[in-house]
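Undergrad: Sharing a structure with you now.
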Amino acid sequence: MLEEDANSPHLGGSRPSKAGMLPHIITAILVALALLLGYAFWRDWLSSVDRVVCTVFVMIGLAVALARSRWNSSETPGRWAVPVFFWSIAGLLILFALATSRPKLCGIALGFAVSGWCAFRIRGESVAHALSLGIAFMIPSLVDACKDRGAFEWAESIAIQITSGLADAMSQSNLRVEDTIVFGHGLADRFSCEGEWDSIVTFMGISFFCIYLFRRRLLNSLITLALAFVVWMAVRGAAWVTLSLIASQPQGSWIEWSVGLEILLFLIGAFLIVSLDQFFGALLEPIPDEFINPDFPLAALCWNWIVGLPNLSASVPVRDVQNDIVDEVEFE
């Protein structure tokens with residue numbers, strides 16, 4: 004079955020866990036170790052404004068997601084299996100980070116530790132939901148992993164190409180010199196993905212905010228996350244071309260890049276990401292049962308299965324078969 008709506012009634016009754024404080028103690032120990040051993044990584048992560056902004060938006064979205072979760076449900080004997088699995092991964096990652104002096108792994112360990120707690124405590128939700136909540140604490144490590152694998156350099160290169168293409172379309176003379184673009188009246192040299200208000204990192208924070216706030220499923224989440232890169236490239240390119248157009252006007256002057264301009268672009272990018280997320284959220288809704296033809300349900304079944312991932316099943320309505328009763332009338 005597809006994932007139930009967040010506002011649906013709680014499943015089962017609310018009963019205290021037989022485990023007592025043990026899940027909280029295990030989680031607290033793992034979280035404390037991940038924070039202490041990864042202190043250098045967390046300190047570096049919070050050293051720039053864009054990463055702080057990203058963290059704030061992710062935490063707000065996470066708080067809303069927790070508030071909208073279905074906490075109450077019956078406790079099954081196998082409820083310990085998934086949390087223990089997540090806690091074991093967290094413990095192994097902490098040991099590996101300690102042995103290899105890689106504090107970045109502590110961020111992933113922290114996420115698995117929280118996922119284990121969520122899997123045990125939020126009993127009305129699926130395991131995938133618990134893991135998605137834990138991913139919020141893995142975001143710093145995942146962002147650094149993208150950076151280490153050249154994703155930011157690729158985005159910067161594409162942004163420069165887009166800016167040059169837009170300038171050509173607007174008949175603005177330009178010349179690309181390595182990582183800059185020379186316009187007729189100024190130089191476009193701010194294509195960094197980090198350290199600014201309108202960086203990709205802040206846009207990723209807005210994307211995760213939408214994912215948690217609106218409880219997006221897997222496909223919609225991937226699209227919303229990709230929008231952070233697409234919108235950043237488009238906004239950055241449009242900003243530079245606009246500055247070039249203003250400078251090319253009679254009595255126009257080149258406007259220098261400033262913090263105020265960065266904040267303005269951040270607000271524009273946030274608006275675009277939220278709007279596009281809403282568009283794809285409406286587009287990727289499952290087909291209601293009343294609109295599915297029971298005689299040819301395959302296309303609708305595949306669509307509902309894809310948009311319903313990570314749930315692995317989808318329901319198809321069954322045609323009601325009614326037998327007409329014919330009363331026999333005897334004629335005398």
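If you want this note's numbering, it's the 1-based position in the sequence shown plus 3.
Ideal placement from N, C-alpha and C gives every residue a C-beta, glycine not left out.
(1) Just to confirm my understanding: we take S224, look at its own chain, exclude 5 residues before and 5 after, and list those with CB closer than 7 Å. What are they?
(2) With a Cβ-Cβ cutoff of 8 Å, do G119 and F89 count as a contact?
(3) Candidates V204, C109 and I249: which alpha carbon is nearest C149's?
(4) What do you reckon, are the CB atoms on L246 and W257 nearer than 8 Å?
(5) On a Cα-Cα basis, can you pick out the residue from I209, L248, L136 and L315 that is closest to M173?
(6) Enumerated in chain order, which unbroken segments of the alpha helix (DSSP H) with a length of 4 residues or greater are wholly contained in the segment 170-230?
(7) Helix, strand or coil for G23? Go by DSSP, reduced to three states.
(8) I need the straight-line Cα distance from C305 to R126, nearest angstrom please.
(9) Is the distance from the Cβ of V85 to the Cβ of R220 below 8 Å?
(10) What would DSSP say about G119, mapped onto helix, strand or coil?
(11) Which two residues bound the contiguous alpha helix (DSSP H) that contains N307?
(12) Are S176 and F186 closer than 8 Å when you measure CB to CB?
(13) What residue from G208, L136 and T30 has the CA that sits closest to L270's CA?
(14) Going by DSSP in three states, P86 sits in which element: helix, strand or coil?
(15) Measure from the alpha carbon of V277 to the alpha carbon of each residue in A317, S210, N296 and V238, then state which is nearest.
(16) On a Cα-Cα basis, can you pick out the residue from V87, E128 and L101 that is closest to F115?
(17) To which residues of the same chain is T30 closer than 8 Å at the C-beta, ignoring the five residues directly before and after it?
(18) Have a look at D298 and D192 and give me their C-alpha separation to the nearest angstrom.
(19) Here's a check: name, in chain order, each residue in its chain whose Cβ is nearer than 8 Å to the Cβ of I266, leaving out the five neighbours to either side.
(20) With distances taken Cα to Cα, identify the nearest neighbour of N75 among S129, G263 and L33.
(21) Which stretch, first to last residue, makes up the alpha helix (DSSP H) that contains P143?
(22) Report the three-state DSSP secondary structure of R105 (helix, strand or coil).
(23) Three-state secondary structure (DSSP) at E288?
(24) Would you mind stating whether I163 and D151 have Cβ atoms separated by less than 8 Å?
TA: Straight from the coordinates:
(1) I214
(2) yes
(3) V204
(4) yes
(5) L248
(6) 203-216
(7) coil
(8) 28 Å
(9) no
(10) helix
(11) L301 to G311
(12) yes
(13) G208
(14) helix
(15) S210
(16) V87
(17) W90, A116, V117, G119 and W120
(18) 60 Å
(19) W200 and D201
(20) S129
(21) V130 to D151
(22) coil
(23) coil
(24) no
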